[in-house]
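Taken in order, these protein sequences are the chains called L and W.
In terms of the working numbering, the first sequence opens at residue 8 and continues consecutively.
In terms of the working numbering, the second sequence opens at residue 60 and continues consecutively.
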Amino acid sequence: MKKILMGFVLLSLAAGMLAASGQSDKSTESAVKELIFWDMVWGPADTYAEASRQVADEFNSSQDGIQVTVQSTPWNSWYEKFLTAVTSGTAPDVATCSSSAPYLFGNMGELLDLSDIVREWKDDGDINQVYFDTYNYGGNQFAIPWNVDTRCFYYRTDVFSDLGIDPAGIKTWDDFLDALRKVRDNTELIPFSVAGADNMAKHFGYQMMLSNAIGMVDRDLNADLDARANIEIGEFYNELVKEGLILDGTIGYKETDSQRLYYQGDAAVLFHTVGTEILQYSEIADKSAILPVFHGPSSDTPRNASFINPIVVFSQSDTPDAAISFVKWWSKNNTKLWTEGRASSMPVRNSILADPYFSSNWVMKETKDLLLPYNASAGFYPLKSEYPGFAALNGEKYAALYFQSVIAENGKADVKGIASDLNEKIGSLLLESK
Amino acid sequence: MLSSQKLLYSRKIGYLFLFLPFSILAVIRLYPMLRGILLSFTDFSLLSPKDVNFIGFQNFKKALTGDKEFYSVIYFSVLYTFSVVLLSYVFGLFLALLLNTDIKLKGLFRVLILLPWVIPPAVAATNWLWLLNDQNGLINLALLRLGIIDSPILFFASKEMARFTAIMFGTWKSMPFMMIVLLSGLQTIPSHLYESAVIDGAGVLRQFFRITLPLLRNVSIVCISLMFIWTFNDFEQIYLLTEGGPINATYVLPIYSYFLAFFRLKMGYSSAISVIALFFLSIVSTINVRQQRDNF
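Dropping the structure here:
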């Protein structure tokens, strides 16, 4: 037994000595600043992670002072992962993350203010100011936008053509409803497929709010769901179900259910995320296109729901200057993430969008031409960026709850009553978060 | 016989071996629980994690007296838990009784019935969502083709149907555990008791109520208590199936607590909700332990 114990002691000593020697090796190389970069998987895992590594390798070989190590970070439980890292003091130096992360971590004092970068880039006009504004909270620029995830209405070109519907003529909600009515009256197809149960239902809610120039709150951060423009949205939902323009089961559909209906050729219009995924269904993709952005009765400006995604620098970084240098380089030199990595969103930089890759198929070309010029940050309107309480309203899907509550009544909804009830709940959530 | 010195030495070794697993358990089980309890007495918010104040029982007072949502969540949590436990017990017992008879391919049936228990919840929920879909789902298509229904059943389209579907899914997932535990209980009942009962003229029902059920009592208490605790704490099954919808109709306490912590960023209040659940489940556990102690 004594021999065994002695063995353990010797092993421990040996391990300690090895660790100490590793430490001294590291200190001799301290001239090179090492950065850890968490990059979420923004495209197919097999292609994106490799492209992300290649971009970092290019940065590493472009200079001698900084070495970046990319850690490809999957989306599942991203929130808990970041939160745990931040609260336990093990946050990375730099990270790409969800659009809701900068507000949370910025307010916790965990992100660096990157206003200097914005000032430096302001005049080149390569990135739309709307995108920068999304991450500016009270004068602090907690993130730099780098890609934009856009929502759209796909439609069947063959069906519209047969029915004589001119997609360019759809400029208002009424035009849209008329087109759906024509589909209902003249075909066996489901006029409109949209998710009612998950985040996509919430995004549909944001889309409708943006297109009617209204949000869940007003400029003074008061609950605003019972405003006239929001009541109009409720009435629009009511029309959809009352006139049989969506299926009765819509309230229970997740994103994949609504997609399936369109991809298998059963629906004429689909509300969904823009992405090249549709191209895999060539039979439908060949006869699909994206509807131009249309607006509601309370707005005369078309706006399209989009989620602008950020890159951030954590204040826990030991080498903040190196981290900022990397972010600046990476933001301008990451075209490969799309061309090789097949990232599913679109870049925010016009210079990257000019790459021929972004005109190589109809999805990207139409997104660039028809949607990006009208992109606005989903959920925040009429404010430019996230506000106190938004995390709760967004996480608990209040925009989806409104849609669900109206369509659950099968066309007989008391829209004002529903809006008023939800407005009260939004009001208390806002109050709690103040 | 070991000498007293050797006995002492072997005990020391025993404690040494116990020390490591106990330390691991303390770190991964005990510490988070104690920290959670501690947080429940604070106003800890993720927006200001460095500014934490002790606020006594305020979170508990708010939950029990001022939070309407909490009571609506408790209502469905209790309904869901009782329904799933009751139904899975009834169906589990029925299947256990069937499999305890001399039927052919008994082993195969046991494996098949156990499948729902071993399938990961994410896979099970995805498959059920597809099976229950009103447009493409196998169940609706089969019922329509057989002429049993005229129009598809909308399993998730109303609050009531979504709740019913969540309970059915929970029952399907839990029933195999009940079945296997009850089957093991049935196999410990001596066959001569049934033989004597038959000689005395007792029918099948009488044998069930006078012999089977009383002798399954201990096993039943254990599996019902465990299932109660697991079901009450169930987050993923419901979340994967309905995400708490439609219109929040299938919110259960763990989902509510999760939303409070990560969306409303109120870690302190969320911890208080979890502590209330812990208190409630501790009562169930105490009853279980007492019953077992009284019976053995």
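Where a beta carbon is used, it is the ideal one built from N, C-alpha and C, also for glycine.
Using a CB distance below 8 Å, the part of the region 300–323 of chain W facing chain L consists of 301, 302, 304, 305, 306, 307, 318, 321, 322, 323, ordered along the chain. Bridge pairing for residue 47 (chain L): L:80 [DSSP].
Counting C-beta atoms within 10 angstroms of its own C-beta, residue 134 (chain W) has fewer than 16 neighbours from the protein chains shown and is therefore classed as exposed. Taken atom to atom, the span from the alpha-carbon of residue 315 (chain L) to that of residue 154 (chain L) is near 6 Å.
Here DSSP, grouped into helix, strand and coil, assigns residue 367 (chain L) to coil. Where residue 200 (chain L) is concerned, the enclosing beta strand (DSSP E) starts and stops at 197–200. Within the same chain, 111, 112, 113, 114, 327 come within 7 Å of residue 101 (chain W) by CB-CB distance, once the 5 residues on both sides are set aside. In this structure residue 278 (chain L) touches residue 201 (chain L) by the C-beta definition: roughly 4 Å separates them, less than 8 Å. When DSSP states are grouped into helix, strand and coil, residue 134 (chain L) belongs to the strand group. Taking 8 Å as the threshold, the shortest C-beta distance from residue 216 (chain W) to chain L falls below it.
DSSP places residue 101 (chain W) in the strand class (E or B) of the three-state scheme. For residue 140 (chain W), the enclosing alpha helix (DSSP H) has its first and last residue at 127–158. Here residue 133 (chain L) has 356, 357, 358 as same chain residues with Cβ atoms under 6 Å from its own Cβ, once five neighbours each way along the sequence are excluded.
Taking the Cα positions, residue 43 (chain L) is about 18 Å away from residue 112 (chain L).
Among the CB atoms of chain W, one or more fall inside 8 Å of the CB of residue 86 (chain L). Between residue 176 (chain W) and residue 236 (chain W) the beta-carbon gap is near 5 Å, inside 8 Å, which marks them as a contact. Relative to residue 332 (chain W), the option among W:194, W:249, W:259, W:128 whose CA is nearest is W:128. Going by beta carbons, residue 348 (chain L) and residue 58 (chain L) fall inside the 8 Å limit. Among the CB atoms of chain L, none fall inside 8 Å of the CB of residue 102 (chain W). Cβ contact annotation for residue 295 (chain W) (same chain, cutoff 7 Å, sequence separation greater than five): 180, in chain order.
Looking at the DSSP output, residue 295 (chain L) sits in a beta bridge with L:163. Any Cβ of chain W closer than 8 Å to the Cβ of residue 265 (chain L) would place that residue at the interface, and such an atom is absent. Contact note: residue 90 (chain L) reaches chain W through 105, 321, using a C-beta cutoff of 9 Å and chain order. Here residue 382 (chain L) is bridged, per DSSP, to L:311. The distance from the Cβ of residue 168 (chain L) to that of residue 236 (chain L) is about 33 Å, inconsistent with a contact at the 8 Å cut-off.
Rounded to whole angstroms, the separation of the alpha carbons of residue 272 (chain L) and residue 291 (chain L) is 7 Å.
When 8 Å is used as the limit between beta carbons, residue 245 (chain W) is near no residue of chain L, the shortest such separation being about 39 Å.
Around the C-beta of residue 152 (chain L), 16 or more other C-beta atoms lie within 10 Å, and the residue is accordingly described as buried. With fewer than 16 other beta carbons inside 10 angstroms of its own, residue 70 (chain W) counts as exposed. Taking 8 Å as the cut-off, the beta carbon of residue 222 (chain L) is found no closer than this to the beta carbon of residue 193 (chain W). Comparing alpha carbon positions, the residue from L:365, L:326, L:91 closest to residue 74 (chain L) is L:326. Among the residues of chain W, none has a CB under 9 Å from the CB of residue 262 (chain L); the nearest is roughly 11 Å distant.
Assignment of residue 326 (chain L) by DSSP, reduced to helix, strand and coil, places it in the coil class. Listed along chain L is no residue with a C-beta nearer than 9 Å to that of residue 340 (chain W); the closest approach is about 23 Å.
Beyond the five residues adjoining it in sequence on each side, residue 132 (chain W) comes within less than 7 Å, by CB distance, of 310, 311, 312, 315 in the same chain, given in chain order. The three-state reading of DSSP puts residue 342 (chain L) in coil, since its state is none of H, G, I, E or B.
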